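Written out as structure tokens, the structure reads:
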């Protein structure tokens, strides 16, 4: 049984988490669950943003949480262990939620940092898991160290992905997660097929989810949703202030996903407080050119089906 209604204020309007984002107050049913997706905390973590994201997530009591990588600033083997230790108090506060990590380029840059990452995450840099009838494949786009910023999947990662999807082809829906959104360039390149998209299409993947760019991006190809979750704390463009850059996808946010009977409903939630206006909208209302709605509407809210 879910917690009863909890309230917050968005732009002076009192909304309930129950009504606004589909918080359940009934018994769980098969293949009916919610999870939160948290974006990059770094590079260049901004004070209090990441903590704010977790507090907002906690209001809605997800079944679990996934991130898209870049949890620590990293880059120095000598300080990496302490950076991970500094994160533990936050996670201890919310340890009643299973947390599934995705590795980012700020998390792993050396053999030492990889060992620390796997120790803190409790899993290798690529793995998969099931939740009810859904299947999640988490990949490592960082391992090709010749270009850690751009990132891509190695042949070994593609082999793991294909084997994993084949072994779980009867699961639905299916999600693929990795840090770098290299699919943006691949989907735009008409002269060469994307090996990622080929596999995603073959195995009826529902969503491909990345981070890295500190910007919300959504594209759809052959019914497959590609989504870059933006910043949940990482620095954005220089001089960014509240409200500036929203139409370009540059705003502090996190994502709420509701899976029911094989269908996925996604809501994007801008943080409230000093660094956000608390706007929220269904992800499908964001096109390849940006929002399809009036971003200046002070009462911008969305109530997905419960």
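Numbering (the numbering used here), first residue to last: 12 to 317. From the three backbone atoms N, C-alpha and C, an ideal C-beta is built for every residue, glycine too. Just so it is clear, the structure is predicted and the values come from calculations on it, not from any experiment.
With 16 other Cβ atoms within 10 Å as the buried cut-off, status of residue 166: Here residue 166 refers to the residue found at position 155 when the chain shown is read from its first residue. Of the other Cβ atoms in all chains shown, fewer than 16 fall within 10 Å of the Cβ of residue 166; this residue is therefore exposed.
Pick from 153, 143 and 141 that is closest to residue 120, judged by C-alpha positions: Taking the chain shown and counting its residues from 1, one reaches residue 120 at position 109. It is 153 whose Cα lies nearest to the Cα of residue 120.
Any 3 or more C-beta pairs closer than 8 Å across the segment 47–65 and the segment 259–278: Short answer: they touch.
Residue 212 versus residue 301 - alpha carbon distance: Numbered from 1 along the chain shown, position 201 holds the residue referred to as residue 212. Numbered from 1 along the chain shown, position 290 holds the residue referred to as residue 301. Between residue 212 and residue 301, the C-alpha separation is close to 25 Å.
Segment limits, alpha helix (DSSP H) that includes residue 98: Reading the chain shown from its first residue, position 87 is the one you call residue 98. Its alpha helix (DSSP H) spans residues 88–104.
Alpha-carbon to alpha-carbon, residue 102 and residue 88: Looking up residue 88 in the chain shown gives position 77. Looking up residue 102 in the chain shown gives position 91. Approximately 22 Å between the Cα atoms of the pair.
Contacts around residue 115, its chain only, beta-carbon distance under 6 Å, and the 5 residues preceding and following it disregarded: In the chain shown, residue 115 corresponds to position 104, counting from 1. Same-chain partners within the cutoff: 80, 81 and 190.
Burial state of residue 39 (16 or more Cβ within 10 Å): Here residue 39 is taken as the residue at index 28 of the chain shown, counted from 1. Low per-residue confidence applies at residue 39: pLDDT is 48, beneath 50, and the placement is therefore not dependable, though the value from the model is reported in the following sentence. Exposed, because fewer than 16 other Cβ atoms sit within 10 Å of the Cβ of residue 39.
Backbone secondary structure at residue 263 - three-state DSSP: If you number the chain shown from 1, residue 263 lands on position 252. The answer is coil: DSSP assigns residue 263 none of H, G, I, E or B.
Sub-8 Å separation of residue 110 and residue 76 beta-carbons: Mapped onto the chain shown, residue 110 falls at position 99. Mapped onto the chain shown, residue 76 falls at position 65. Against a cut-off of 8 Å, the Cβ pair of residue 76 and residue 110 comes out as a contact.
Three-state secondary structure assigned by DSSP to residue 43: Numbered from 1 along the chain shown, position 32 holds the residue referred to as residue 43. Residue 43: strand per DSSP, three-state reduction.
Nearest residue (CA-CA) to residue 59, options 177, 246 and 276: Residue mapping note: residue 59 aligns to position 48 of the chain shown, counting from 1. That would be 246, whose Cα lies nearest to the Cα of residue 59.
Residues that residue 77 bridges to, as DSSP identifies them: Start at 1 with the first residue of the chain shown, and residue 77 comes out as number 66. BP columns for residue 77 point to 48 and 111.
For residue 325, the nearest candidate out of 255, 228 and 290 (CA to CA): For the chain, the structure presents residues 12 to 317; residue 325 sits outside this window and is missing.
Continuous beta strand (DSSP E) stretch holding residue 237: start and end: Start at 1 with the first residue of the chain shown, and residue 237 comes out as number 226. Where residue 237 is concerned, the enclosing beta strand (DSSP E) stretches over 235–239.
DSSP state of residue 230 mapped onto helix, strand, coil: Mapped onto the chain shown, residue 230 falls at position 219. In this structure, residue 230 counts as strand in the three-state DSSP scheme.
Residue 42 to residue 144 span [Cα, whole Å]: Along the chain shown, read from residue 1 onward, the residue named residue 42 stands at position 31. Along the chain shown, read from residue 1 onward, the residue named residue 144 stands at position 133. Their backbone Cα atoms lie some 6 Å apart in a straight line.
Paired residues, beta bridge with residue 141 - DSSP: Within the chain shown, numbered from 1, the residue matching residue 141 stands at position 130. DSSP lists 146 as partners of residue 141.
Bridge-paired residues (DSSP) for residue 297: The count along the chain shown starts at 1 and reaches residue 297 at position 286. Answer by DSSP bridge pairing, in chain order: 302.
Own chain residues within Cβ distance below 6 Å of residue 233, not counting five before or after: Position 222 of the chain shown, counting from 1, holds the residue named residue 233. So the qualifying residues of the chain are 212.
N-terminal and C-terminal residue of the beta strand (DSSP E) that residue 277 is part of: As a working note, residue 277 is residue 266 in the chain shown. 274–281 is the extent of the beta strand (DSSP E) around residue 277.
Classification of residue 182 by the beta-carbon crowding that lies within 10 angstroms, buried from 16 upward: Here the question's residue 182 lines up with position 171 in the chain shown. With 16 or more other Cβ atoms within 10 Å, it is buried.
Residues near residue 299 by beta carbon distance below 7 Å, same chain, minus five either side: Along the chain shown, read from residue 1 onward, the residue named residue 299 stands at position 288. Here the set comprises 230.
Buried or exposed by the 16-neighbour rule on C-beta atoms within 10 Å, applied to residue 78: Mapped onto the chain shown, residue 78 falls at position 67. The residue is buried, with at least 16 neighbouring Cβ atoms inside 10 Å.
Buried/exposed call for residue 62, threshold 16 Cβ in 10 Å: Looking up residue 62 in the chain shown gives position 51. It is exposed - the Cβ of residue 62 has fewer than 16 other Cβ atoms within 10 Å.
Pick from 70, 90, 125 and 163 that is closest to residue 197, judged by C-alpha positions: Position 186 of the chain shown, counted from the start, is the residue given in the question as residue 197. If we check each option's Cα against that of residue 197, 163 comes out closest.
Given residue 244 as reference, the closest of 193, 270, 169 and 54 once Cα atoms are compared: What you label residue 244 is simply residue 233 of the chain shown in a count that begins at 1. Comparing Cα-Cα distances from residue 244 to each of 193, 270, 169 and 54, the minimum goes to 54.
Environment of residue 133 [buried if 16+ CB atoms lie within 10 Å]: Here residue 133 is taken as the residue at index 122 of the chain shown, counted from 1. When all chains shown are included, residue 133 counts as exposed.
Residue 171 - containing beta strand (DSSP E), residue span: What you label residue 171 is simply residue 160 of the chain shown in a count that begins at 1. From DSSP, residue 171 is part of no beta strand (DSSP E) but of the alpha helix (DSSP H) over 166–178.
Three-state secondary structure assigned by DSSP to residue 291: The sequence position of residue 291 within the chain shown is 280, counting from 1. Here residue 291 sits in strand by DSSP.
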